[in-house]
Each structure stands twice: as C-alpha cells, then as structure tokens.
Amino acid sequence: MSISDATTFTSDEMASRADMIISDGVDKWYGDFQALKGVTATIKEREVVVVLGPSGSGKSTWIRCINRLEQHQGGRIAVDGVELTNDTRNIEKIRREVGMVFQGFNLFPHITVLDNITLAPIWVRKKPRGEAEQLGRDLLERVGIPEQADKFPGQLSGGQQQRVAIARALAMEPRIMLFDEPTSALDPEMIKEVLDVMKELARSGMTMMVVTHEMGFAREVADRIIFMESGEIVEVGPPEHFFTNPTEDRTKLFLSQIL
Amino acid sequence: MPDTAETTLASAAAQRPPFYRDATVVKWLVQVATLILVLFAMFFLASQAGDNLTAKGIKTGFDFLDVDPGIQLNGGIDDDPATGGRALWVGMVNTIRLSIGGIIAATILGIFVGVARLSNNWMVNKIASGFIEYMRNIPLLVHIIVFFAVLGGLNKFTADVGPINGWLHISNKGVSTPRAFISDGFYQWAVFLLIGAIAGRFVMKKRKAKQDATGAETYPLGSFFGVVAIFAIVGWFLHPIFGWVGSIFQTIADVIDVIPQSAVRVALSLIAIAAAVWWIRRFLDSRRTPAGLAKLTDDDWFRMIFAGVGALLAAVFFFIVWPGFSSWLLNSSRDLFEVAANKFGDGRDGLPLGINRPDIAQRGNFANPGPAGLNLDTGVAALFFAIVMYTAAFIAEIVRGGILAVPKGQTEAAQAIGLRRSTMLRRIILPQAFRVSLPPLGNQYLNLTKNTSLAIAVAYTDLVQVGQTILNQSGKSLEVFAIWMLFYLACSLTISAVVNFFNVRLAIVER
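Just so you know, the sequences run in chain order A and B. In terms of this note's numbering, the first sequence has 201 at position 201, counting the first letter as 1, and numbering is strictly consecutive. In this note's numbering, each residue's number is its place in the second sequence (first place is 1) plus 259.
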C-alpha cells in the first residue's frame with residue numbers, strides 16, 4: 001500500500017503549519033528515577049509521528065504527560081496553543097482536543113459498545129442521545145464493525161475491542177490522537193485490522209502520535225520518527241533516513257536488534 | 260501378538276467390578292444413606308423433645324396466638340393487642356420497619372463514608388477512617404447503650420420543652436411530631452393516584468422520546484411528578500366518584516365464596532405437579548446438545564426424582580396432611596377482598612388524609628408524649644443510630660474495596676475522553692464497584708436485620724422482645740422459638756433473593 005501524496009510533505013510546507021503539540025524540556029521523576037530528561041519536540045498539524053525506543057525508555061510516560069495522565073515536573077507542554085498547567089480548565093480543554101488509545105483497550109465493560117462511544121458526546125459535549133448514537137454508529141462503520149454496536153466489550157475479540165477504543169476516542173472529535181502501544185496486547189492476526197484503521201486515520205489528515213513496536217507501520221505511515229532511550233530523544237528523522245541511514249550508534253544498535 | 264493389548268482392554272471392560280468399587284453404585288448408596296441418616300436424626304430429635312415435654316407435663320400448641328396476652332406494647336402499630344398473634348405481628352412490623360429503614364440509611368451513609376475514605380483531602384480521609392475504626396471495633400451493644408445514655412441526657416419532657424411547642428418536641432422521651440393518618444376517603448383517592456401514575460408514566464415516555472430525538476430539555480421525570488400531583492389534587496376533592504370500585508372487590512369475594520374446597524385442593528396439587536413437570540422439561544432441555552440429549556449424570560437423575568417426589572408430597576399435603584389449608588386459603592382471600600370492598604363507597608366521602616398534633620399524656624406526676632402524635636422514642640432512636648452507623652462502617656469498607664477493585668485503566672480512559680470527576684464516579688467507577696460490592700453488601704444487610712434483635716437492650720418492642728414477654732407468660736418456649744426462627748429465616752431469604760436478583764441482572768456480560 002502506498003501513501004497518497006497528501007501525507008508526504010516538503011519541509012517548507014511543514015514549517016508553515018501550526019504547532020499542535022509543543023514539548024519543551026519536559027522532566028519527569030518517579031522518586032529518584034528520572035523517566036524523562038528534558039524531552040523537547042514539536043509536532044505539527046496533520047503530522048504523524050511514531051515514537052520508537054526500547055522498553056523503559058520513557059515513550060509511554062511522555063505520551064501520557066501530554067494529556068495529563070501523568071504530571072510532568074519540569075519544562076512545559078502546550079497542546080493546540082493551550083498550556084498544560086494545574087489550571088483544571090486547561091486540562092479539561094486539552095483532554096477534549098486529544099483522543100487516546102491504550103495498550104489494554106480500557107473499554108468500560110459494564111455498558112454496550114455503543115454506550116462506550118456515546119458516553120463522552122452525551123456527557124461532555126452535551127449532545128442529544130439520538131445525535132450521539134448516530135455519530136457512534138457512523139464511527140463503528142468507519143472502524144469496520146457496525147454489527148457489534150449492541151454487544152458488550154467482553155464479547156468482542158481483542159482487535160475489535162481496540163477498534164471500539166479508537167471509535168470511542170474519535171467520538172470526541174479530537175484534533176490529535178495519541179496511541180500508546182495500541183497493538184502490543186493483540187494476537188498477530190488481529191494487529192493488521194487495527195493498523196489498517198490507524199492508516200486510514202492518518203490518511204484522513206489526523207495529527208497522530210504513536211508509540212509502537214510495529215516497524216512496518218512506522219516505515220509506511222510516519223512523517224517523522226522519534227527515537228528515545230533512557231528518557232531522552234536520541235534521534236529524529238523521516239523514516240527512510242531513520243531505517244536506512246541512522247546517524248547515532250544507539251539507534252543502529254536498536255535497529256540491529258529488532259530488524 | 261499385536262492384538263494382545265486390545266483383548267486385555269476388552270475383557271477388562273466386560274468384567275464388572277464388585278459393587279463396592281462401582282462408582283455409580285457407591286454414589287447412590289451414599290446419597291440414600293445420607294438421606295436416611297438425616298431423616299432418622301430429625302425424627303429422633305423431634306420424638307425426644309416430645310417425650311421430654313410430655314414427661315414434664317408441658318402442653319404444646321399454638322393456641323396462645325388466639326388468646327389475649329394481657330400485655331401493653333410501648334411502640335408500634337397497636338399498643339394494646341387483642342391476641343398473642345397480634346402482639347407478635349406488632350413486633351414483626353417493628354423489626355421490619357427498623358430493618359428497612361436501617362438498610363436504606365446504612366447504605367447511603369456507608370457509600371458516603373467509603374468514598375470519603377478514598378478522598379485525597381487529608382482531613383476528610385482521616386475523619387472517615389476515624390469513624391470506621393471507632394464504629395467497627397466496639398461491640399454494637401456498647402454503641403446502643405452509649406447512644407441511649409447520651410439521648411437520655413436531653414431536656415426533661417414537659418408541655419413547653421420545644422423547639423416548636425405543640426408541633427415538635429425534642430426531649431429525653433424522644434422526638435414527637437404531628438402524625439398523618441389514613442382517613443375515610445384514602446382508598447378512593449389512591450385510585451386517583453394509581454391512574455395518575457399510569458398517565459404520568461405515559462407522559463414521561465413521550466417527553467423522554469422527544470428529548471432523545473431533538474435534544475431539547477423536556478424534564479421527563481418532572482412531568483411525571485407533575486401529572487401525579489394534578490391527579491392527587493383533583494382526586495382530593497373528587498374521590499367519592501370512585502365509590503363503586505368497592506363493588507368489584509365485593510364481586511370477587513362473592514365468587515371466591517362459591518368455589519368448592521375440593522376444587523382448590525385439586526388446583527393446588529395440579530399446580531405443584533405442573534411446576535415439577537415444567538422444571539424437569541426445562542432441565543432436560545438444558546442438557547440437550549445439537550448432537551442429542553447428553554448423557555445424564557447420577558446427580559441429574561437425583562434432581563429430577565427429587566422434583567417429582569416433591570410435587571407428589573405437596574399433593575399429599577393438600578389432600579391428607581392439612582385438608583383445611585384450602586378452606587383457610589379460600590376464607591382468608593374472601594376476607595381480604597371483603598375488607599378491601601369496605602374501604603370504598605357509602606360514608607367514605609371525607610378527606611383522604613388527616614393530621615394530628617402531638618399531645619401530652621399525664622401519667623401520675625410524669626408527662627409523656629401522648630398517642631396522637633408520631634413519637635420516636637429515645638430507645639428506638641439509640642438503637643437505630645447505633646445499628647445504622649455500625650453497619651455503615653462495614654459497608655464503607657466494602658465500598659472502598661469495590662472502588663479499589665476497578666482497574667486504574669478505567670479511570671485513565673474516563674479522564675482521556677474528558678469526563679468530569681463526578682460523571683466518571685457515577686457512570687464508570689461506582690457501577691463497576693457496586694457489582695463487586697453487592698454480595699458482601701447482602702451479608703451486611705442480613706447482619707443488620709438480625710442485629711435489630713438487640714432492641715431488647717432498650718426495651719423496644721421488636722419481635723424478640725414481644726416474643727420474650729409472651730414466652731414468660733405462656734411458657735410456650737418451643738413455639739416462640741419456632742416463630743422467631745421462621746421469621747428471621749424468611750427475612751434473610753427475602754434479602755438474599757433481592758440481592759441475588761440484582762447480582763444476576765448486573766453481571767457483566769462476557770462471551
């Protein structure tokens with residue numbers, strides 16, 4: 001599958017786009033352990049960034065700081081022009097703009113698939129139920145499982161659950177989607193169905209930040225790859241450069257171990 | 260030889276083991292032997308008790324239920340019961356009232372304290388912890404006595420003890436407030452309320468549908484209560500027009516009167532047998548696989564035989580053991596409908612409800628709250644507060660455990676889609692915590708109900724206290740014990756059934 005021209009950019013084009021996520025010198029400690037050491041990066045509108053790195057390198061911590069599931073202790077984070085501070089109004093604003101998909105799906109097991117999706121539109125966006133349900137069914141159609149609307153999450157396969165989780169995040173009509181190892185808990189034959197949905201999302205022009213171990217996906221879809229190790233960004237670059245001609249030794253070591 | 264092994268296997272299969280090693284036979288023998296043993300033990304105990312009672316010249320029997328017990332009760336629906344049965348009934352009603360009120364209050368308080376215990380607010384957290392530790396580490400009886408002593412320290416009861424003389428008195432005799440009571444036209448008015456509720460439900464559904472379709476706020480629940488209120492107000496003045504409803508009940512009573520006893524006996528037996536047949540058929544259906552009926556195990560056979568024998572025993576019971584049961588059933592249902600019929604019609608065009616202000620009964624030198632008002636005696640108040648707070652402490656821990664049992668990912672997912680904390684608690688966390696908490700919560704409800712028997716410490720007339728008095732006067736210990744046990748058993752089974760119903764209904768669907 002080839003990526004359409006819409007998602008490959010010249011650097012001039014990229015520079016003219018708005019900054020969606022600014023991470024400036026972000027620090028995070030767990031007790032004595034420093035998980036993030038001055039992580040600095042900017043993600044542009046409609047850009048797809050894949051974050052790679054060995055486990056324990058701080059990729060998940062960083063992505064979870066961006067919608068305040070973890071609290072950063074140094075530096076600053078701004079999402080779509082809103083600074084992430086202790087101001088609860090800003091936190092709420094950012095969470096409405098940012099959708100997130102987790103490794104463990106985290107669907108709500110006690111309500112149906114459709115209710116999982118319509119929860120936020122009804123309670124956060126205050127949409128009438130009829131409209132929210134229509135939106136929910138449209139989203140299920142988009143992720144390819146419209147027939148599962150009235151089942152409970154426990155009755156679905158892992159791949160289907162993760163696609164519901166994507167639909168649930170999309171129901172808030174976010175401008176940015178964060179993916180925290182979305183395929184790591186899936187059986188091999190289910191990974192593809194989730195990746196296909198993510199590719200479709202990337203092609204539609206969503207700003208995406210993806211933590212994953214799927215090198216094929218990274219190579220095919222990413223505009224940029226960020227490689228992290230020990231809480232630091234080691235190397236940043238477009239995929240063809242990153243996979244074929246990495247500059248840093250640590251990147252070469254990582255690639256030699258996984259490819 | 261290649262077929263040696265096969266031949267050995269075939270011959271081993273053909274050879275039946277001796278019966279004491281045959282799994283099927285052994286299983287049946289054990290079942291039957293256990294049954295015989297249990298029946299024998301019951302028979303032995305019953306006959307021993309009977310022999311002992313005869314030897315001591317004690318007569319058994321429930322005739323004390325129909326005799327004037329000659330006791331005064333200080334609280335409940337009837338303070339001068341005409342028969343022993345009525346006195347026990349007053350005690351049962353008191354126990355039930357205390358239990359239901361206690362369960363509701365303890366649940367609300369318990370959830371509140373449980374959530375507070377998990378609060379990030381240091382102060383709230385520690386107060387909740389302190390409350391839980393204080394309540395659950397001291398015996399309930401001590402709590403009751405402490406509360407009783409504290410409430411007894413209130414002002415002495417007089418006509419002007421306040422706070423609103425003639426309407427609300429708070430004193431060491433408890434709280435007395437005005438009492439609302441059912442008056443002449445109540446049941447006719449109730450018909451209006453019933454129609455109002457049906458109409459209100461209809462309107463509520465309409466408004467709800469409109470809200471879902473358009474998103475406009477249509478206040479479905481508010482309109483339900485609005486419709487009911489309109490019917491209540493109109494019915495307050497127009498209720499005599501429903502006087503004819505009594506004739507329906509009278510007709511039913513007349514019809515019941517002409518049904519022959521034998522017909523009821525046959526019908527009851529047929530119902531028992533039909534239920535057994537229905538159960539066995541359903542059971543067989545559940546054992547049916549696409550490949551045909553699965554092989555039934557010995558336990559399956561035992562269950563089916565048990566169902567069949569049970570139905571036959573029921574029939575024997577209706578025809579031979581207690582033939583009077585059917586006439587009792589007929590008479591009491593006829594009486595029920597006749598009583599209902601008398602609640603309507605002639606002479607019942609007064610107001611539906613009345614209200615009495617609390618009064619003062621002078622007993623010698625002592626002023627007491629009189630019978631007109633609604634009095635909450637300090638004893639009951641102490642008992643109620645102690646039981647509620649004691650149980651709430653345990654419920655709080657159960658709720659806390661339930662909330663902690665909800666995976667952290669649920670909170671994160673709820674935060675990530677932007678839910679507010681209160682919405683998250685109400686829609687995501689508490690519903691899941693509730694599913695985990697329900698079975699232990701049921702245990703606490705059982706405990707609370709049984710703990711109401713400590714009413715005897717403050718001399719409140721619950722079932723145990725009334726039973727104790729009757730037992731002392733009549734000497735019918737076995738009978739009173741039996742009534743106590745059956746009553747608490749019935750209460751416990753009812754609570755279990757309700758909790759189980761919700762447990763099944765709320766189970767999270769998987770696969």
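Glycine residues also receive a C-beta, built at the ideal position from the N, C-alpha and C atoms. Remember, it's a predicted structure, so these values are computed and weren't measured experimentally.
Residue i: first and last residue of the uninterrupted beta strand (DSSP E) it sits in
{"i": "P627/B", "result": "Correcting the residue identity first, residue 627/B is Asn in this sequence and not Pro. 625–628 is the extent of the beta strand (DSSP E) around N627/B."}
{"i": "S430/B", "result": "427–430"}
{"i": "S34/A", "result": "In the sequence as displayed, the identity of residue 34/A is Gln instead of Ser. Looking at the DSSP string, the run of the beta strand (DSSP E) that includes Q34/A is 33–44."}
{"i": "M206/A", "result": "Where M206/A is concerned, there is no enclosing beta strand (DSSP E), given that its DSSP letter is neither H nor E."}
{"i": "L178/A", "result": "176–180"}
{"i": "L678/B", "result": "No beta strand (DSSP E) holds L678/B; DSSP gives it neither H nor E."}
{"i": "R438/B", "result": "438–441"}
Given residue i as reference, the closest of the options once Cα atoms are compared
{"i": "E70/A", "options": "I91/A, K126/A, T251/A", "result": "I91/A"}
{"i": "P437/B", "options": "L347/B, P628/B, Q732/B, A652/B", "result": "P628/B"}
{"i": "G505/B", "options": "F445/B, S482/B, I539/B", "result": "F445/B"}
{"i": "I534/B", "options": "V568/B, G632/B, A491/B", "result": "The identity of residue 534/B in the sequence shown is Ala, whereas the question assumes Ile. Residue V568/B is the option with its Cα nearest to A534/B."}
{"i": "A664/B", "options": "G316/B, V405/B, V291/B, L377/B", "result": "L377/B"}
{"i": "A41/A", "options": "L114/A, E235/A, F108/A", "result": "E235/A"}
{"i": "V763/B", "options": "M744/B, L678/B, L748/B, R694/B", "result": "R694/B"}
{"i": "G638/B", "options": "D419/B, V434/B, E476/B, D605/B", "result": "V434/B"}
{"i": "K252/A", "options": "G81/A, L178/A, G53/A", "result": "G53/A"}
{"i": "T650/B", "options": "V352/B, S306/B, T313/B, V372/B", "result": "V372/B"}
{"i": "F227/A", "options": "I43/A, S57/A, L140/A", "result": "S57/A"}
{"i": "L324/B", "options": "D608/B, N311/B, V349/B, G309/B", "result": "V349/B"}
{"i": "G632/B", "options": "N615/B, M648/B, F644/B, A626/B", "result": "N615/B"}
{"i": "I362/B", "options": "E392/B, A766/B, A645/B", "result": "A645/B"}
{"i": "N106/A", "options": "I687/B, V525/B, L399/B, L610/B", "result": "I687/B"}
{"i": "V339/A", "options": "I66/A, K37/A, D19/A, E141/A", "result": "Residue 339/A lies beyond the stretch modelled for chain A, which goes from 1 to 259, so this question has no answer here."}
{"i": "T244/A", "options": "E232/A, M215/A, I233/A, E229/A", "result": "M215/A"}
{"i": "A375/B", "options": "F746/B, K464/B, A652/B, F303/B", "result": "A652/B"}
{"i": "V514/B", "options": "V525/B, A439/B, V717/B, E597/B", "result": "E597/B"}
{"i": "A169/A", "options": "R142/A, E141/A, I191/A, A120/A", "result": "A120/A"}
{"i": "L273/A", "options": "S230/A, L114/A, T88/A, V164/A", "result": "It is not possible to answer for residue 273/A, since the shown part of chain A is limited to 1 through 259."}
{"i": "F152/A", "options": "F242/A, H110/A, E47/A, K93/A", "result": "H110/A"}
{"i": "L612/B", "options": "A491/B, A573/B, H428/B", "result": "A491/B"}
CB contact check: residue i to chain A, cutoff 8 Å
{"i": "I370/B", "result": "no"}
{"i": "P773/B", "result": "Given a span of 260 to 770 for chain B in the structure shown, any question on residue 773/B remains unanswerable."}
{"i": "G677/B", "result": "yes"}
{"i": "D471/B", "result": "yes"}
{"i": "E738/B", "result": "no"}
{"i": "R622/B", "result": "no"}
{"i": "R764/B", "result": "no"}
{"i": "P690/B", "result": "yes"}
{"i": "I404/B", "result": "no"}
Beta carbon proximity, residue i to chain B, threshold 8 Å
{"i": "N67/A", "result": "yes"}
{"i": "L119/A", "result": "yes"}
{"i": "R163/A", "result": "no"}
{"i": "A169/A", "result": "yes"}
{"i": "D5/A", "result": "Note that D5/A has pLDDT 41, beneath the 50 cutoff, so the model's placement of it is unreliable and the number below is only indicative. No, no contact with chain B."}
{"i": "W62/A", "result": "no"}
{"i": "M172/A", "result": "yes"}
{"i": "R129/A", "result": "yes"}
{"i": "G154/A", "result": "yes"}
{"i": "V79/A", "result": "no"}
Alpha helix (DSSP H) segment containing residue i, residue limits
{"i": "N229/B", "result": "This structure cannot speak to residue 229/B, because chain B is shown only from 260 to 770."}
{"i": "S521/B", "result": "520–545"}
{"i": "D262/A", "result": "Any answer about residue 262/A is impossible in this case: the structure gives chain A only from 1 up to 259."}
{"i": "A756/B", "result": "736–765"}
{"i": "A491/B", "result": "479–497"}
{"i": "L357/B", "result": "343–376"}
{"i": "R129/A", "result": "129–142"}
Residue i beta carbon near the ligand PLP (any heavy atom closer than 7 Å)
{"i": "K44/A", "result": "Among the ligands in the structure shown, none appear at all, so the ligand PLP cannot be discussed."}
**Q.** At least three beta-carbon pairs within less than 8 Å, the segment 451–465 of chain B to the segment 656–667 of chain B
**A.** Too few Cβ pairs lie closer than 8 Å, so no.
Q. If we count Cβ pairs, one from each stretch, closer than 8 Å, do we get three or more for the segment 344–351 of chain B versus the segment 320–328 of chain B?
A. yes
Q: Scan the segment 180–192 of chain A for residues whose Cβ lies nearer than 8 Å to a Cβ of chain B and list them as they occur along the chain.
A: none
Q.
With three or more beta-carbon pairs closer than 8 Å as the criterion, would you say the segment 701–708 of chain B touches the segment 658–673 of chain B?
A. no
Q.
When you compare the segment 124–131 of chain A with the segment 464–476 of chain B, are there three or more beta-carbon pairs, one atom per stretch, that lie closer than 8 Å?
A. At 8 Å Cβ cutoff, the stretches touch.
Q) Below 8 Å, can you find three or more Cβ-Cβ pairs linking the segment 97–104 of chain A to the segment 164–181 of chain A? A) yes
Q: Examine the Cβ distances between the segment 479–489 of chain B and the segment 577–588 of chain B and report whether three or more of them are shorter than 8 Å.
A: no
Q) Listed in chain order, which residues of the segment 92–120 of chain A have Cβ atoms closer than 7 Å to some Cβ of chain B? A) E92, R95, R96, M100, F102, G104, N106, F108, P109, H110, L119, A120
Q. Hey, is the segment 69–84 of chain A in contact with the segment 145–154 of chain A, meaning 3+ C-beta pairs nearer than 8 Å?
A. no
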